[in-house]
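Listed in order, the protein sequences are those of chains A and B. For what it's worth, my numbering labels the leading residue of the first sequence as 306, then goes sequentially. For what it's worth, my numbering labels the leading residue of the second sequence as 512, then goes sequentially.
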Amino acid sequence: MPPILSLDRVSKNFAGLTALREVSFELQQGSIYGLIGPNGAGKTTLLSIIAGSIQPTSGAVIFQGRNLIGAKSFAVVRAGVVRTHQVPKPFRSLSVLENVEVGIRFGRSQWSAGDPQNAAQILEWVGIAHLARASTATLSVGDQKRLELARALAARPTLLLCDEVCSGLTESETACILKLLRKIEQSGTTILYVEHNLRAIMSVSHHVIVMNYGQKLAEGSPEAVQNDAAVIEAYIGRTANTDVREPRPRSATSGS
Amino acid sequence: MRPAGKSGVSGFALAAAPYLLLAVLVVLPLFGLGPNAVRLLFVTFVWVTVSIAWNILGGFGGQVSFGFAVFYGLGAYAAALAVNSGLPTVLALLLAAGVAVLASLAIGFPTFRLRGPYFAIATIGVSEAVRVVMTNVSMTGGASGYRILETRPFHQLDHFYISLALAVLAVVASMQIRRSSFGLALIAIREDEDAASDLGVNPFRAKLLAHALAAALTGAAGGVYAQYAAYIHPQGVFAFSIGVAILLMPIIGGVGTIWGPVIGGVVYGLIQDELVASFPQLHLLIYGSLLILIVLFEPAGLFGLLDRWFRVLTGPRRIRAANP
Numbered sequence: 306m307p308p309i310l311s312l313d314r315v316s317k318n319f320a321g322l323t324a325l326r327e328v329s330f331e332l333q334q335g336s337i338y339g340l341i342g343p344n345g346a347g348k349t350t351l352l353s354i355i356a357g358s359i360q361p362t363s364g365a366v367i368f369q370g371r372n373l374i375g376a377k378s379f380a381v382v383r384a385g386v387v388r389t390h391q392v393p394k395p396f397r398s399l400s401v402l403e404n405v406e407v408g409i410r411f412g413r414s415q416w417s418a419g420d421p422q423n424a425a426q427i428l429e430w431v432g433i434a435h436l437a438r439a440s441t442a443t444l445s446v447g448d449q450k451r452l453e454l455a456r457a458l459a460a461r462p463t464l465l466l467c468d469e470v471c472s473g474l475t476e477s478e479t480a481c482i483l484k485l486l487r488k489i490e491q492s493g494t495t496i497l498y499v500e501h502n503l504r505a506i507m508s509v510s511h512h513v514i515v516m517n518y519g520q521k522l523a524e525g526s527p528e529a530v531q532n533d534a535a536v537i538e539a540y541i542g543r544t545a546n547t548d549v550r551e552p553r554p555r556s557a558t559s560g561s
Numbered sequence: 512m513r514p515a516g517k518s519g520v521s522g523f524a525l526a527a528a529p530y531l532l533l534a535v536l537v538v539l540p541l542f543g544l545g546p547n548a549v550r551l552l553f554v555t556f557v558w559v560t561v562s563i564a565w566n567i568l569g570g571f572g573g574q575v576s577f578g579f580a581v582f583y584g585l586g587a588y589a590a591a592l593a594v595n596s597g598l599p600t601v602l603a604l605l606l607a608a609g610v611a612v613l614a615s616l617a618i619g620f621p622t623f624r625l626r627g628p629y630f631a632i633a634t635i636g637v638s639e640a641v642r643v644v645m646t647n648v649s650m651t652g653g654a655s656g657y658r659i660l661e662t663r664p665f666h667q668l669d670h671f672y673i674s675l676a677l678a679v680l681a682v683v684a685s686m687q688i689r690r691s692s693f694g695l696a697l698i699a700i701r702e703d704e705d706a707a708s709d710l711g712v713n714p715f716r717a718k719l720l721a722h723a724l725a726a727a728l729t730g731a732a733g734g735v736y737a738q739y740a741a742y743i744h745p746q747g748v749f750a751f752s753i754g755v756a757i758l759l760m761p762i763i764g765g766v767g768t769i770w771g772p773v774i775g776g777v778v779y780g781l782i783q784d785e786l787v788a789s790f791p792q793l794h795l796l797i798y799g800s801l802l803i804l805i806v807l808f809e810p811a812g813l814f815g816l817l818d819r820w821f822r823v824l825t826g827p828r829r830i831r832a833a834n835p
């Protein structure tokens, strides 16, 4: 089966700073992909490029056989790729329901049979139906994240880009969101999920892509990635048993 | 959106009020209203129309333009030229609206690539440039202005009803836009343009369309005014102070609402004359002070203030009804 999304040597420079260097990977339909990496690894930049919010310096983003380079974000949405934001961006003067309505009316127009049919059903699906008439100003962080997801789902994505939907949430809120992501995946939507919370992302992803300093460091199953020496080094630095340079630990012991 | 709670007698009264007001305005001149009062109402309807027009782009869409005098002036000149070449009133007004729409597209294409204050500053530049150009166009008399040749007898009430019809059209258009998907897109753009685009809204197209609709109403209003005044000149209809006044009205009345711009237009239309007559040097200072007070203490404008009073007045009754 051809991949639903493939990135071919995508690079991005911001005035001399290289944010991404020749990143390539492929996503197959109907799975949850985790995208991890330390701060500044280029995860959100990559997500923004796929979503059409920013344009790459070079490379190609092929979604369902169509090159998305040059397409504005609203055109990318209508092609079927929808993103959420790390910091929720609700439309403040609109109610929760009206926020979702924006996605319904301007997102992709094709419907699949199993999709929720209207804004109220989507809110129910995401678990904030009781807040439909509420003002977005009164929402907790967890509910704002859910609204962010609800709004994105309302645009009926085939590929959903989630940017840290669990950051700042409590354990139980995180568990709820992860359950929701599995539900979205089961309805046939592919998910590319950027997250800082390693435990969360490892538990929900089928496949994990690791970035560091703007490059792809590794990819594979969560177990394989967790045991990858380069990944461990990028995340927690050199540890005693992987460190081949002897002098430092020895001087540390002699110093104590 | 108003909460559904305003039901019962007060809700009915609120829904019926605009129709009642319209009926009163329609029959009012028949009860011997003096020409000066008719003129004052005529001017007020023109201001209400442009106030609503500005609110479509600035209130719903959040794009602050200082350049609406361009549409007002071009509409005025287009209508004047059309009337002088023998076109009937309605066609002249359609032409005025059409010319303003073309201008709005020409201005919008480059300037809507700018955001926030940069857009606002660009509209000041465009407005001044158009005024200077019109001052030097010899076909329309340049700085000395342009006169409509009076080939038909003057009926003040005709002008009154035309301006009233245009104001009603503006209110209806504003209501329809607020209810439509287009209105939802405009509000989303006002709140967060990037987030709107990330949900499939094309901000550039929505802004261009809002600009064009606003220009059409403003141009027609300029045309209505020109036919009444029969004499227009660039320092009048293209004046920067006109552009500022058009923006002040909806802000004073309540930006982003349906009735706020109407209230703003009425306040401006009715008070302006008196103020200009009594304080020729100070009337702009008075508006400026009013604007500062409103922005500081009542950002929702006079409509927000009235809405709050209304809630206070009807609130206790509702509580009593709930707990008998």
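For glycine and all other residues, C-beta sits at the position ideal for the given N, C-alpha and C.
### Query
Run through DSSP, which three-state label would A384(A) get?
Helix at A384(A).
### Task
For the alpha helix (DSSP H) holding T463(A), just list the boundary residues, first then last.
Premise fails: T463(A) is in no alpha helix (DSSP H) and is neither H nor E.
#### Entry: chain A residues whose Cβ lies nearer than 8 Å to that of S692(B)
What S692(B) touches in chain A: R410, F411.
### Query
What span of residues does the beta strand (DSSP E) with K317(A) cover, start to end?
Element bounds for K317(A): 310-319.
### Query
Candidates G578(B), L719(B), I763(B): which alpha carbon is nearest R624(B)'s?
Nearest C-alpha to R624(B) among G578(B), L719(B), I763(B): L719(B).
### Query
Considering only C-alpha positions, which residue in the set A534(A), D533(A), T323(A) is nearest to Q520(A)?
The candidate whose alpha carbon is nearest that of Q520(A) is T323(A).
### Task
Output, in sequence order along the chain, the residues in the stretch 712-733 of chain B whose CB is closer than 7 Å to any CB in chain A.
Those residues of the stretch 712-733 of chain B that come within reach of chain A (Cβ to Cβ, closer than 7 Å) are V712, N713.
#### Entry: R451(A): contacting residues in chain B (beta-carbon distance under 9 Å)
Chain order gives no chain B residues near R451(A), where near means a beta carbon separation below 9 Å; the closest approach is about 16 Å.
### Message
I'd like the span of the beta strand (DSSP E) that includes I367(A), first residue to last.
### Response
Per DSSP, I367(A) belongs to the beta strand (DSSP E) from 363-368.
### Query
So which residues of chain B does S358(A) contact, with C-beta pairs closer than 9 Å?
Within chain B, the residues placing a beta-carbon under 9 Å from that of S358(A) are D705, S708, D709, ordered along the chain.
### Message
Is the separation between the beta-carbon of F630(B) and that of Q574(B) shorter than 9 Å?
### Response
Yes, these two residues count as a Cβ contact at 9 Å.
#### Entry: Residue span of the beta strand (DSSP E) that contains H512(A), given as start and end
Where H512(A) is concerned, the enclosing beta strand (DSSP E) stretches over 512-517.
### Query
Can you tell me where the beta strand (DSSP E) with R326(A) in it begins and where it stops?
Per DSSP, R326(A) belongs to the beta strand (DSSP E) from 322-332.
### Query
Going by DSSP, what residues sit across from G339(A) in a beta bridge?
Its beta-bridge partners are Y498(A), V513(A).
### Message
Below 7 Å on C-beta distance, what does L464(A) contact in chain B?
### Response
The premise fails here: L464(A) is roughly 13 Å from chain B at the closest Cβ pair, so nothing lies under 7 Å.
### Cβ of L568(B) within 9 Å of any chain A Cβ
Closer than 9 Å: no.
### Message
Classify G702(B): buried if its beta carbon has 16 or more other beta carbons within 10 angstroms, exposed otherwise.
### Response
Correcting the residue type first, residue 702(B) is Glu in the shown sequence and not Gly. Per the 10 Å Cβ criterion, buried.
### Message
Which residues does DSSP list as the beta-bridge partners of C467(A)?
### Response
Residue pairing by DSSP places C467(A) opposite Y498(A) in a beta bridge.
### Query
Any beta-carbon of chain B closer than 9 Å to the one on A425(A)?
Among the CB atoms of chain B, none fall inside 9 Å of the CB of A425(A).
### Query
What is the DSSP secondary structure of E702(B), reduced to helix, strand or coil?
Residue state, collapsed to three classes: helix.
### Task
In the DSSP assignment, find the alpha helix (DSSP H) that holds K348(A) and state where it starts and stops.
Going by DSSP, K348(A) is part of the alpha helix (DSSP H) stretching over 348-355.
#### Entry: Contiguous alpha helix (DSSP H) assignments of at least 4 residues, all confined to the stretch 599-674 of chain B
Entirely contained in the stretch 599-674 of chain B, the alpha helix (DSSP H) runs reaching 4 residues are, in chain order, 600-622, 627-646.
### Whether Y518(A) touches G339(A) by CB criterion (9 Å)
No. Outside cutoff.
### Task
Hey, could you find the ends of the beta strand (DSSP E) K521(A) is sitting in?
In the DSSP assignment, K521(A) falls within the beta strand (DSSP E) that extends over 520-525.
### Query
Going by the beta-carbon positions, is the gap between T555(B) and L728(B) smaller than 9 Å?
No, they are not a contact pair.
### Task
Let me know the secondary structure DSSP gives I753(B) once reduced to three states.
Here I753(B) carries a helix assignment [DSSP, helix/strand/coil].
### Query
If the cut is a Cβ gap below 9 Å, which residues of chain B does V382(A) touch?
What V382(A) touches in chain B: S708, D709, L710, G711, V712.
#### Entry: Backbone secondary structure at I743(B) - three-state DSSP
Secondary structure of I743(B) (DSSP, three-state): strand.
### Task
Answer with buried or exposed for I830(B), where buried requires no fewer than 16 other C-beta atoms within 10 angstroms of its C-beta.
With a pLDDT of 46 at I830(B), under the threshold of 50, the predicted position of this residue should be treated as unreliable, and no value is reported.
### Task
Give the residues of chain B in contact with S510(A), contact being defined as C-beta atoms less than 7 Å apart.
Ordered by position in chain B, no residue passes the 7 Å Cβ test against S510(A), which lies about 23 Å from the chain.
### Message
Can you tell me which residues form a DSSP beta bridge with R371(A)?
### Response
Partner(s): F368(A).
### Query
Do you know whose CA, among T768(B), G747(B), A756(B), lies nearest L697(B)'s CA?
The shortest C-alpha separation from L697(B) is found at T768(B).
### Task
Assuming V315(A) and G370(A) form a contact by the criterion Cβ under 8 Å, report the distance between their Cβ atoms to the nearest whole angstrom.
Contact flag wrong, Cβ pair sits at about 17 Å.
### Beta-ladder partner(s) of S298(A), from DSSP
No answer is possible for residue 298(A): it lies beyond the span of chain A, which begins at 306 and ends at 561.
### Query
Nearest-angstrom Cα distance between P529(B) and N547(B)?
Approximately 24 Å between the Cα atoms of the pair.
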